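The sequence shown begins at 177 in the numbering used here and counts up by one. Ideal placement from N, C-alpha and C gives every residue a C-beta, glycine not left out. All of these numbers come straight from a predicted model, not from anything done at the bench. Everything on this sheet refers to the single structure shown next.
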Amino acid sequence: MTCNLISPEQTLSLEGVRLVQVPGTKGSFGILPRHAHLVSSLTHGQVRIVKGDSDEVLYPLPEGGFVEVKDDVVSIVAASFGEAR
């Protein structure tokens with residue numbers, strides 16, 4: 177699965193992702209490969225991206241945004257993302 181983090185300043189594309197966890201406005205939820213198509217609003221929090229068995233990166237999401245899932249591509253659009261942890 178591919179995860180794209182899109183903001184006005186940059187676009188970051190991560191390949192080989194096996195889980196994306198996002199802070200939805202109605203609660204946090206996870207996205208796995210072959211997930212159904214969806215569009216959802218996001219609130220402030222953090223985006224958790226897991227590659228491989230234990231390679232995990234957290235991206236702070238200070239202002240919320242939107243997520244779209246389509247054909248094994250997760251696109252997260254936000255005004256900004258914090259430094260990866």
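Q: Provide the residue span of the beta strand (DSSP E) that contains F205, from first to last.
A: G203 to I207
Q.
So for G262, helix, strand or coil by DSSP?
A. Residue 262 lies beyond the range of the chain shown here (177 to 261); nothing can be said about it.
Q | Helix, strand or coil at G192 [DSSP, three-state] | A | coil
Q | Nonlocal neighbours in the same chain, by C-beta distance under 7 Å from V245, ignoring five residues either side | A | I207, H211, H213 and L214
Q.
Helix, strand or coil, according to DSSP, for T178 in the structure here?
A. strand
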